[in-house]
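Worksheet: the structure to be examined is printed underneath.
Number of protein chains: 4
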Amino acid sequence: MSERLPLSAERIQQMLAHSPFIEFLKLEVVSVAPERTEIVMRAPLRPEFERGRGSGQWHGGPIAAIIDTVGDYALVMLLGRPLPTINFRVDYLRPAINTALIATARVRRNGRSVGVVDVDIANEAGILLAIGRASYATA
Amino acid sequence: MSERLPLSAERIQQMLAHSPFIEFLKLEVVSVAPERTEIVMRAPLRPEFERGRGSGQWHGGPIAAIIDTVGDYALVMLLGRPLPTINFRVDYLRPAINTALIATARVRRNGRSVGVVDVDIANEAGILLAIGRASYATA
Amino acid sequence: MSERLPLSAERIQQMLAHSPFIEFLKLEVVSVAPERTEIVMRAPLRPEFERGRGSGQWHGGPIAAIIDTVGDYALVMLLGRPLPTINFRVDYLRPAINTALIATARVRRNGRSVGVVDVDIANEAGILLAIGRASYATA
Amino acid sequence: MSERLPLSAERIQQMLAHSPFIEFLKLEVVSVAPERTEIVMRAPLRPEFERGRGSGQWHGGPIAAIIDTVGDYALVMLLGRPLPTINFRVDYLRPAINTALIATARVRRNGRSVGVVDVDIANEAGILLAIGRASYATA
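Chains as they are written, first to last, in this note's numbering: chain A, 14 to 152; chain B, 14 to 152; chain C, 14 to 152; chain D, 14 to 152.
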């Protein structure tokens with residue numbers, strides 16, 4: 014069965030459940046805007062993601078994992094299938110404390126062999142906490 | 014109480030337990046070699062880290078998180094305290110399937126304000142699966 | 014003599030002339046918009062920057078150098094002094110052929126010790142050719 | 014005419030001359046060691062590459078360009094043809110002053126669609142000045 018493209022928020026939410034790790038991240042699709050190649054997801058702070066015990070601060074590791082995943086799904090929305098990550102970079106700008114994370118991914122290039130996606134991570138007040146840039150194999 | 018530097022494998026293993034996220038990664042210090050600024054850790058595959066259900070394949074997210082963490086501890090070994098990550102890059106080279114990960118981190122520069130660390134991720138047979146490069150604030 | 018901040022386009026154009034390499038790039042300040050932390054510069058194609066002889070195509074090397082430099086000057090505009098680059102990443106999206114380059118740099122974070130800047134490289138028709146992300150030491 | 018692989022130092026030196034930009038860098042092949050996927054080149058400091066006038070210090074831009082180029086030729090040595098850069102990262106570790114640069118590039122992965130290369134930049138005394146990591150399209 015071929016997918017109807019671009020994928021809807023509902024269809025993407027379904028696909029997320031196929032991966033135990035993504036399910037563990039508890040990502041929720043907030044909105045899709047394929048006309049500007051953008052997808053927004055939300056991730057709650059789990060106790061397992063804390064940096065220091067009782068700090069309420071996200072460890073950078075799950076933030077990186079969210080960037081990799083949400084970046085991928087910006088391309089999944091357009092192409093209908095998950096794509097292997099070639100590489101990515103994350104820059105940490107401010108500590109993420111006592112907040113869910115809002116991840117906004119936007120495709121900068123959807124090329125024949127490589128797709129490049131920018132991902133901004135903000136807290137619930139809209140303050141930018143981290144930024145990611147990822148390359149995926151689209152061939 | 015000031016730490017005796019460089020830190021021993023036992024002391025580092027203790028420190029890892031202070032972070033719920035690192036505890037969740039179940040990282041085990043395999044060896045420290047401060048004279049060549051190198052630390053080796055091992056991480057088992059947890060069910061929560063699987064990419065596709067039943068695939069036995071690591072999702073890239075936890076691999077990135079392991080790179081960030083083990084890279085940090087190469088500097089912790091020398092400096093005695095955790096350091097905030099400025100940014101890092103991960104390149105995925107081969108799928109990681111049905112294997113624990115062996116992470117070897119080596120400090121390339123321990124500067125006054127910035128430390129740079131390379132992290133190689135191999136499977137239990139020594140095949141290289143992913144490589145990371147990370148910058149930490151040492152000031 | 015202390016600088017009046019943010020720096021004007023004229024003042025930045027003057028400062029660019031102090032560096033033989035930047036002078037060689039022939040960068041021209043097109044506009045400054047400190048209120049949105051953005052600076053735009055233009056670089057013409059020199060014969061020395063060609064990838065293949067007679068191809069009219071920019072080699073990636075000078076594009077990377079332009080990203081590093083224009084990114085730095087987005088922070089110079091705000092802080093009044095050049096800052097050492099910690100590291101940067103460049104992604105090449107499309108070949109740059111028979112065109113001057115328009116570089117738009119925007120500060121994503123102007124922190125106490127680290128500044129992070131995004132740089133978009135477009136051709137004269139506004140098509141995105143490459144993107145850069147750079148960290149500078151602001152301490 | 015098909016190339017005999019791996020390419021010799023002489024053949025690579027010839028190929029470098031086809032690009033006006035690479036010719037401008039005055040790169041000289043010092044050695045090739047295809048059995049460990051390594052190539053070494055040397056680049057002299059040109060007046061046009063100075064950061065501040067009369068400083069004798071390399072601007073970071075040409076260092077980045079050298080990383081991109083020498084990294085590419087580590088794969089050219091194995092594959093016989095230039096490959097487009099997907100992206101690369103450079104970390105600056107120490108200022109490069111009054112010295113030629115010695116660039117050592119080693120292939121970390123020569124995959125079907127992506128090649129990954131590490132490049133170390135040292136001064137003539139062997140002190141590490143900058144490190145690069147680059148991805149190239151090999152398909």
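Where is the CB? At the ideal position from N, CA and C, for every residue including glycine.
Which runs of the beta strand (DSSP E) fall wholly inside the stretch 42-83 of chain C and span at least 3 residues, in chain order?
Counting whole runs of 3 or more residues, the stretch 42-83 of chain C contains the beta strand (DSSP E) stretches 51-56.
Under the assumption that C/Ile35 contacts C/Thr82 (Cβ atoms under 8 Å), give the Cβ distance between them as a whole number of angstroms.
Within the third sequence, the letter at position 22 stands for residue 35 of chain C. Within the third sequence, the letter at position 69 stands for residue 82 of chain C. Yes, C/Ile35 and C/Thr82 are in contact; Cβ-Cβ is about 6 Å, under 8 Å.
Taking its Cβ as the centre, do 16 or more other Cβ atoms sit within 10 Å of D/Pro75, making it buried, or is it exposed?
Mapped onto the fourth sequence, residue 75 of chain D falls at position 62. Buried, by the Cβ-count rule.
Extent of the continuous alpha helix (DSSP H) to which B/Ala22 belongs
On the second sequence, residue 22 of chain B is found 9 positions in, with the first residue counted as 1. It spans 22-29 - the alpha helix (DSSP H) in which B/Ala22 sits, taken as one unbroken run.
Cβ-based neighbour list, D/Met90, same chain, cut-off 7 Å, excluding 5 preceding and 5 following:
For the purposes of this step, residue 90 of chain D is identified with residue 77 of the fourth sequence, where counting begins at 1. So the list reads Pro19, Leu20, Ile25, Val45, Pro47, Ile52, once near-sequence residues are dropped.
Who does C/Tyr149 pair with in a DSSP beta bridge?
Residue numbering aside, residue 149 of chain C sits at position 136 when the third sequence is read from its first letter. C/Tyr149 is bridged by DSSP to C/Thr98, C/Gly128.
Taking the alpha carbon of A/Ile110 as the point to measure from, which residue in A/Ile140, A/Ala150, A/Thr151 has its own alpha carbon closest?
Mapped onto the first sequence, residue 110 of chain A falls at position 97. Comparing Cα-Cα distances from A/Ile110 to each of A/Ile140, A/Ala150, A/Thr151, the minimum goes to A/Ile140.
For D/Leu114, write down the residues that DSSP places opposite it in a beta bridge.
Position 101 of the fourth sequence holds residue 114 of chain D. DSSP lists D/Ala56 as partners of D/Leu114.
Just list the residues that DSSP pairs B/Ala135 with in beta bridges.
For the purposes of this step, residue 135 of chain B is taken as residue 122 along the second sequence, with counting starting at 1. According to DSSP, which records beta bridges pairwise, B/Ala135 is partnered with B/Ile115, B/Leu141.
Of all the residues that make up the stretch 127-151 of chain C, which are near chain A by a beta-carbon distance shorter than 9 Å?
Residues passing the 9 Å Cβ filter: Val127, Val129, Asp131, Asp133, Leu141, Ile144, Arg146, Ser148.
Is the Cβ of D/Arg121 closer than 9 Å to any Cβ of chain B?
As a working note, residue 121 of chain D is residue 108 in the fourth sequence. For D/Arg121, the answer is yes, since a Cβ of chain B falls inside 9 Å of its Cβ.
To the nearest angstrom, how far is the alpha carbon of A/Arg119 from that of A/Leu96?
Residue numbering aside, residue 119 of chain A sits at position 106 when the first sequence is read from its first letter. Residue numbering aside, residue 96 of chain A sits at position 83 when the first sequence is read from its first letter. Straight-line Cα distance between these residues: approximately 15 Å.
Can you have a look at B/Glu23 and say buried or exposed, based on whether 16 or more other CB atoms are within 10 angstroms of its CB?
Walking along the second sequence from the start, residue 23 of chain B turns up at place 10. With fewer than 16 other Cβ atoms within 10 Å, it is exposed.
Roughly how many angstroms separate the alpha carbons of D/Arg59 and D/Gly65, rounded to a whole number?
Counting from one through the fourth sequence, the residue named residue 59 of chain D turns up at place 46. Counting from one through the fourth sequence, the residue named residue 65 of chain D turns up at place 52. Each residue's alpha carbon lies about 13 Å from the other.
Would B/Ala138 pass as a contact of B/Thr117 if the rule is Cβ separation under 9 Å?
As a first step, residue 138 of chain B is located in the second sequence; it is residue number 125 there, counting from the start. As a first step, residue 117 of chain B is located in the second sequence; it is residue number 104 there, counting from the start. No, they are not a contact pair.
Taking Cβ to Cβ, would you say D/Thr161 is nearer than 9 Å to D/Leu92?
Outside the displayed range of chain D (14 to 152) lies residue 161 of chain D, so it cannot be described from this structure.
Please classify A/Gly69 as buried or exposed, where buried requires at least 16 other C-beta atoms within 10 Å of its C-beta.
On the first sequence, position 56 is the one that residue 69 of chain A refers to. A/Gly69 sits exposed, since fewer than 16 C-beta atoms from the chains shown fall within 10 Å of its C-beta.
Is the Cβ-Cβ distance between B/Gly67 and B/Ala143 less than 9 Å?
Position 54 of the second sequence, counted from the start, is the residue given in the question as residue 67 of chain B. Position 130 of the second sequence, counted from the start, is the residue given in the question as residue 143 of chain B. For the pair B/Gly67 and B/Ala143, the CB atoms are not nearer than the 9 Å cut-off.
Do we get a CB-CB distance below 9 Å when we pair D/Ile99 with the residues of chain A?
Mapped onto the fourth sequence, residue 99 of chain D falls at position 86. Yes, D/Ile99 lies at the interface with chain A (some Cβ there is under 9 Å from its Cβ).
For B/Asp85, which residues in the same chain have their Cβ closer than 7 Å to its Cβ, ignoring the five residues on either side in sequence?
Taking the first residue of the second sequence as 1, we reach residue 85 of chain B at position 72. Answer for B/Asp85: Pro95, Leu96, Thr98, Tyr149, listed in chain order.
Does the beta carbon of B/Gly73 come closer than 9 Å to any beta carbon on chain D?
Counting from one through the second sequence, the residue named residue 73 of chain B turns up at place 60. Cβ-Cβ to chain D under 9 Å: no for B/Gly73.
Can you say whether B/Val103 is buried or exposed, counting buried as having 16 or more other CB atoms within 10 angstroms of its CB?
Here residue 103 of chain B refers to the residue found at position 90 of the second sequence. Counting of Cβ neighbours within 10 angstroms places B/Val103 among the buried residues, the total reaching 16 or more.
Return the CA-CA distance between B/Leu38 and B/Ala30, expressed in angstroms with no decimal places.
Here the question's residue 38 of chain B lines up with position 25 in the second sequence. Here the question's residue 30 of chain B lines up with position 17 in the second sequence. So the two alpha carbons sit approximately 10 Å from each other.
Starting from C/Arg102, find everything on chain B with Cβ-Cβ shorter than 8 Å and list it in chain order.
Locating residue 102 of chain C in the third sequence gives position 89, where the first residue counts as 1. Near C/Arg102 (Cβ distances below 8 Å), the residues of chain B are Arg102.
Would you say D/Gly124 lies against chain B (beta-carbon separation less than 9 Å)?
Position 111 of the fourth sequence, counting from 1, holds the residue named residue 124 of chain D. With respect to chain B, the C-beta atom of D/Gly124 has a partner C-beta closer than 9 Å.
Residues that C/Leu106 contacts on chain A, provided the C-beta gap is smaller than 9 Å
For the purposes of this step, residue 106 of chain C is taken as the residue at position 93 of the third sequence. Those within 9 Å of C/Leu106 in chain A are Arg121, Arg122, Gly124, Val127, Val129.
What residues in the stretch 42-75 of chain B bring their beta carbon closer than 7 Å to a beta carbon of chain A?
Cβ proximity to chain A below 7 Å picks out Pro60, Glu61, Phe62, Glu63, Arg64, Gly65, Arg66, His72, Gly73, Gly74, Pro75 from the stretch 42-75 of chain B.
Nearest to D/Val129 by alpha carbon, out of D/Pro108, D/Ser32, D/Ala135, D/Ala87?
Locating residue 129 of chain D in the fourth sequence gives position 116, counting from the first residue. With distances taken between Cα atoms, D/Val129 lies closest to D/Ala87.
Using alpha carbons as the reference points, say which of A/Glu61, A/Phe101, A/Tyr105 lies closest to C/Asn123.
Residue 123 of chain C sits at position 110 when you count from the first residue of the third sequence. The residue with the shortest Cα to Cα distance from C/Asn123 is A/Tyr105.
Would you mind telling me which residues of chain B sit closer than 9 Å to A/Thr82, beta carbon to beta carbon, in chain order?
As a first step, residue 82 of chain A must be located in the first sequence, where it is residue number 69. Residues of chain B with a Cβ closer than 9 Å to the Cβ of A/Thr82 are, in chain order, His72, Gly73, Gly74.
Please report the residue range of the alpha helix (DSSP H) in which B/Glu36 lies.
By one-based count along the second sequence, residue 36 of chain B stands at place 23. Run containing B/Glu36: 33-38, per the alpha helix (DSSP H) assignment.
Own chain partners of B/Glu41 with C-beta closer than 7 Å, once the 5 adjacent residues on each side are dropped
Sequence index remark: in the second sequence, residue 41 of chain B carries index 28 (1-based). In its chain, beyond the 5 residues on either side, Met54, Arg55 have a beta carbon closer than 7 Å to the beta carbon of B/Glu41.
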